[in-house]
Amino acid sequence: MSFTFTVFKGDKSGAPKKSTTTKPDKLSGDSVLLKVTASGLCGTDLHYRKDDGMVLGHEGVGVVEATGPLCKVLKKGDRVGWGYEHDSCGHCHQCLTGAETYCPERALYVYANRDQGSFASHAIWREAFLFKIPDAISDADAAPLMCGGATVFNALNAYSALPTETVGVMGVGGLGHLAIQFAAKMGCRVIVISSTESKKEEAMRLGAHEFVATKGQTELKVSHPLDRLLVTTSGQPDWAQLVPILAPGATIHPLSVDGGNFSIPYLPLIAVPITVQGSIVAPRYIQKRMLEFAALHQIRPVLEIFPMTEAGIVEAMDKLEKGQIHFRAVLVPQ
Ligand SMILES: NC(=O)c1ccc[n+]([C@@H]2O[C@H](COP(=O)([O-])OP(=O)(O)OC[C@H]3O[C@@H](n4cnc5c(N)ncnc54)[C@H](OP(=O)(O)O)[C@@H]3O)[C@@H](O)[C@H]2O)c1
Ligand SMILES: [Zn+2]
Ligand SMILES: [Zn+2]
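Using full-length UniProt numbering, read the sequence shown as starting at 1 and increasing by one per residue.
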């Protein structure tokens with residue numbers, strides 16, 4: 001016997017297509033069947049829009065419908081979310097030290113289980129990689145936290161941001177508008193760097209203390225040099241323009257997914273000095289902390305809701321590509 005559910009796949013035409021995935025209807029091990037209730041649309045999904053046959057979406061939230069024989073925590077009716085990673089080996093050094101996002105056998109969106117995603121009616125994932133959603137956070141609000149929120153919280157939390165720091169957030173999109181809120185609630189001074197003035201008011205409302213627009217500027221001016229800079233733009237920025245506003249000992253977290261090389265003036269790396277610390281998403285213990293922190297401090301994404309249909313997905317992706325989403329698109333099954 002088998003179980004068939006709806007999924008939406010990338011398509012070479014650029015218009016994702018409704019399709020189906022079939023799984024055995026008997027759940028094995030610690031696998032969990034869930035019904036999707038909301039999915040965020042992350043900037044990374046745009047890279048796979050034309051990836052034929054790849055099921056899209058990795059900011060999923062749903063309700064547990066059934067649990068496998070080895071499940072210990074979840075039960076029918078629980079609200080859960082999942083993100084970019086959905087399995088790892090469990091026994092390597094990275095897994096044993098809470099860094100399973102770097103496990104050599106990690107199972108990530110795009111690279112593993114391409115027949116499942118969060119643009120779907122259902123999904124089956126391991127209990128160990130599902131996260132209970134706090135009661136205070138709605139399904140739609142939780143979805144963007146599963147990748148976007150986790151990624152920016154991880155940069156701050158895993159690399160020990162202090163409340164005394166000045167944190168720069170570059171790019172006010174899905175990731176950036178959450179980074180502003182997390183850093184502000186952690187007590188940091190938050191300086192936002194955005195391409196134009198247009199998002200200033202909203203950035204300040206979300207907790208920013210200062211706002212700098214880069215358009216037409218050769219030299220950037222900030223009241224306090226940045227101890228840490230989270231770069232959440234959809235492409236790499238002009239790194240040379242950013243170096244002069246970094247504090248001695250600053251850390252840059254490049255979070256953008258971009259195919260090019262990292263090119264930065266070399267001497268400041270030594271003389272300022274600068275640390276460059278990349279990272280992807282968040283290991284599970286940090287993802288859990290992030291959800292608790294967001295619930296406690298009322299951190300909520302600013303959403304645009306679209307129907308989870310072929311037309312709704314195309315509309316949301318077109319808007320995201322044009323930089324017109326304010327600030328995270330969430331797809332809701334019809
Ligand atoms: N490292 C990770 O684990 C991880 C996880 C998730 C996503 N990502 C990556 O993070 C990036 C941001 O994702 P997102 O979902 O936040 O995307 P997004 O909502 O599109 O936000 C990106 C922001 O970048 C700025 N921007 C727009 N067009 C740009 C361009 N052509 N060049 C440079 N900047 C531009 C805009 O901010 P302003 O208007 O303020 O300038 C925009 O709001 C993407 O590259 C995504 O793939 C990485
Ligand atoms: Zn993502
Ligand atoms: Zn491992």
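Glycine included, every Cβ here is placed at the ideal spot set by N, Cα and C.
- No beta strand (DSSP E) of 3 residues or more sits fully in the stretch 124-148.
- Take the alpha-carbon of A38 and the one of L230: they are about 27 angstroms apart.
- Around the beta carbon of A112, a 10 Å sphere encloses fewer than 16 other beta carbons of the protein chains shown; the residue is thus reported as exposed.
- Judged by the Cβ position, H47 fails to qualify as a neighbour of ligand 2 at the 7 angstroms threshold, every heavy atom of the ligand being at least this far.
- The Cβ atoms of H47 and G83 lie no closer than 8 angstroms to each other.
- Selection S31, C42, K18 and T44 evaluated against G53 yields K18 as nearest (Cα-Cα).
- Cβ-Cβ separation between Q181 and I299: approximately 5 angstroms, consistent with a contact (criterion under 8 angstroms).
- The residues D30, V32 and E127, in chain order, have a CB closer than 7 angstroms to that of C71 in the same chain once the five nearest residues on each side in sequence are set aside.
- In terms of side-chain proximity, the C-beta atom of H93 is found no nearer than 7 angstroms to any non-hydrogen atom of ligand 2.
- Relative to ligand 2, Y84 has its C-beta within less than 7 angstroms of a heavy atom.
- No Cβ-Cβ contact shorter than 8 angstroms links A208 with A247.
- Taking the C-beta atoms as reference points, V212 is found no nearer than 8 angstroms to D115.
- For T218, there is no enclosing alpha helix (DSSP H), as DSSP marks it with neither H nor E.
- Rounded to the nearest angstrom, the gap between the Cα atoms of L296 and G174 is 20 angstroms.
- In the structure shown, A247 adopts extended strand secondary structure according to DSSP, grouped into three states.
- Judged by their CB atoms, M308 and L331 are nearer to each other than the 8 angstroms cut-off.
- The secondary-structure analysis by DSSP pairs K185 with nothing; it has no beta-bridge partner.
- In this structure, DSSP gives V61 an extended state, which the three-state scheme calls strand.
- Q287 is classed as buried because its beta carbon has at least 16 other beta carbons within 10 Å across all chains shown.
- Its Cα nearest to that of V7, the residue G60 stands out among G43, G60 and S28.
- Taking M1 as reference, the option from D25, G187, R284 and G14 with the minimal CA-CA separation is D25.
- The stretch 247-261 makes contact with the stretch 275-291; the number of CB pairs closer than 8 angstroms reaches 3 or more.
- The alpha-carbon of S160 is positioned some 20 angstroms away from that of L96.
- Looking at the DSSP output, I191 sits in a beta bridge with G168 and E210.
- Restricting attention to alpha helix (DSSP H) runs no shorter than 4 residues, the stretch 298-325 encloses them at 310-321, ordered along the chain.
- Ligand 3 has no heavy atom closer than 7 angstroms to the beta-carbon of S2.
- G77 has its alpha-carbon roughly 36 angstroms from the corresponding atom of S256.
- Per DSSP, the beta-bridge partners of W82 are G60.
- Closest in alpha carbon position to P333, among L320, K319 and A311, is A311.
- Per the coordinates, the alpha-carbon of T164 lies some 25 angstroms from the alpha-carbon of K199.
- The C-beta distance from L145 to A294 rounds to 6 angstroms, short enough to fall under 8 angstroms.
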